[in-house]
Amino acid sequence: MFEPLRQRIAAEGESLSGGILKVDNFINHQVDPLLMDACGAEFARLFAETRPTKVLTAEISGIAPALMTAKYLQLPVVYARKHKPITMPDTVFLTLAPSHTKGRMVELIVSPEYLGNGERVLIIDDFLASGATIAGLVRLAQTAGAVLVGIGALIEKTFEGGRDLLTPLNVPIEALVPISSLDHGQITFAED
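Numbering (numbering that gives the first Met the number 0), first residue to last: 0 to 191.
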């Protein structure tokens, strides 16, 4: 359990209906750069031995922790876009993943210019919940011919089973703060 993030969730996080954890004040809408920097340093420490060559994440909430992780690993960050800009080539890597907070499927798109064969990819995201978004990022990496070396999430909602979906990938999976329940408006940390 990464204590600085745990304390912030305990102080400012909100358990909403439907298993939603609102952390908009410091991760998802307004970002605390000092907290994200500390989280990035922790991820870099946890994954240094996996020797990644790129950090991959999803637009938009995964960008801050991925960027800070990459800063400490001295690597570039690639983020999967949800809309294809006109600057992206016609041929792209694309997959669909369900968005828990949006309540619909979203596209995840990466240009082959920035994710290639033989890259060693570390996936960093804000949440590990059902695992569907991270599984989409894994598909993008595999389609590119990259090697997945690890998965990190700021927060894991252990009750949604995402780790079980990803465990067969046989890579290290690290969550800085595991949460075992959001029932009755209460945030229960996995080690409580």
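Cβ atoms here follow ideal geometry from the backbone N, Cα and C, with glycine treated the same way.
Inset, instruction - With a 10 Å radius around its C-beta and 16 neighbouring C-beta atoms as the bar for buried, classify D182 as buried or exposed. - result: In the sequence shown, residue 182 corresponds to position 183, counting from 1. By the neighbour-count rule (16 or more Cβ atoms within 10 Å), D182 is not buried but exposed.
Inset, instruction - Go ahead and pull the three-state DSSP assignment for E190. - result: Indexing the sequence shown from 1 puts residue 190 at position 191. DSSP places E190 in coil when its eight states are reduced to three.
Legend entry - Cα-Cα separation between L121 and E48, rounded to whole angstroms: Taking the sequence shown and counting its residues from 1, one reaches residue 121 at position 122. Taking the sequence shown and counting its residues from 1, one reaches residue 48 at position 49. The alpha-carbon atoms of L121 and E48 are separated by roughly 11 Å.
Inset, instruction - Verify whether the separation of the beta carbon atoms of A57 and L93 is less than 8 Å. - result: Here residue 57 is taken as the residue at index 58 of the sequence shown, counted from 1. Here residue 93 is taken as the residue at index 94 of the sequence shown, counted from 1. Result no, Cβ atoms of A57 and L93 do not sit closer than 8 Å.
Inset, instruction - Find the nearest neighbour of Q29 within the set E11, E190, T132, G39, judged by alpha-carbon distance. - result: By 1-based counting over the sequence shown, the position of residue 29 is 30. For the options E11, E190, T132, G39, the alpha carbon positioned closest to that of Q29 is the one of E11.
Inset, instruction - Report, in whole angstroms, the separation of the C-beta atoms of L175 and F1, which I expect to be a contact under 8 Å. - result: Mapped onto the sequence shown, residue 175 falls at position 176. Mapped onto the sequence shown, residue 1 falls at position 2. At roughly 4 Å, the Cβ-Cβ gap stays under 8 Å, so L175 and F1 are in contact.
Inset, instruction - Reducing DSSP to helix, strand and coil, say where R138 ends up. - result: Along the sequence shown, read from residue 1 onward, the residue named residue 138 stands at position 139. It is helical.
Legend entry - Candidates S129, S14, S110: closest to P88 by CA position: Locating residue 88 in the sequence shown gives position 89, counting from the first residue. It is S110 whose Cα lies nearest to the Cα of P88.
Inset, instruction - Alpha carbon to alpha carbon, how far is K156 from L67? Give it in angstroms, no decimals. - result: By one-based count along the sequence shown, residue 67 stands at place 68. By one-based count along the sequence shown, residue 156 stands at place 157. Here residue 67 turns out to be Met, not Leu, going by the sequence shown. Straight through space, the alpha carbons of K156 and M67 are spaced by roughly 22 Å.
Legend entry - Range covered by the beta strand (DSSP E) that runs through F42: Counted from its first residue, the sequence shown places residue 42 at position 43. Looking at the DSSP string, F42 is not in any beta strand (DSSP E); the run it does join, the alpha helix (DSSP H), is 32 to 46.
Inset, instruction - Kindly list the residues whose CB is nearer than 7 Å to the CB of K83, restricted to its own chain and excluding five residues on each side of it in sequence; keep chain order. - result: Reading the sequence shown from its first residue, position 84 is the one you call residue 83. So the list reads V91, I108, once near-sequence residues are dropped.
Legend entry - Buried versus exposed call for D163 [16 or more other C-beta atoms within 10 Å across all chains shown]: Reading the sequence shown from its first residue, position 164 is the one you call residue 163. D163 is classed as exposed because its beta carbon has fewer than 16 other beta carbons within 10 Å across all chains shown.
Inset, instruction - Please state whether DSSP places S60 in a helix, a strand or coil. - result: Here the question's residue 60 lines up with position 61 in the sequence shown. Reduced to three states, the DSSP call for S60 is coil.
Legend entry - C-alpha gap between A37 and A9, whole angstroms: Locating residue 37 in the sequence shown gives position 38, where the first residue counts as 1. Locating residue 9 in the sequence shown gives position 10, where the first residue counts as 1. A9 has its alpha-carbon roughly 17 Å from the corresponding atom of A37.
Legend entry - Three-state class that DSSP yields for M0 in the structure shown: In the sequence shown, residue 0 corresponds to position 1, counting from 1. Residue state for M0 is assigned as coil, using DSSP reduced to three classes.
Inset, instruction - Can you tell me which of I85, M35, S16 puts its alpha carbon nearest to the alpha carbon of R7? - result: Indexing the sequence shown from 1 puts residue 7 at position 8. Of the listed residues, the one whose Cα sits closest to R7 is M35.
Legend entry - Pair within 8 Å by beta-carbon distance, L168 and L139: Counting from one through the sequence shown, the residue named residue 168 turns up at place 169. Counting from one through the sequence shown, the residue named residue 139 turns up at place 140. No. Outside cutoff.
Legend entry - Where S16 falls: helix, strand or coil (DSSP): As a working mapping, residue 16 is identified with position 17 in the sequence shown. Helix at S16.
Legend entry - Same chain, Cβ closer than 8 Å to E173, five either side skipped, listed in chain order: Residue numbering aside, residue 173 sits at position 174 when the sequence shown is read from its first letter. The residues are F42, L45, F46, G149, I150, G151, A152.
Inset, instruction - Jot down the residue ranges of each uninterrupted alpha helix (DSSP H) in the region 138 to 177, minimum 4 residues, whole runs only, in chain order. - result: Whole alpha helix (DSSP H) segments, 4+ residues: 161 to 165.
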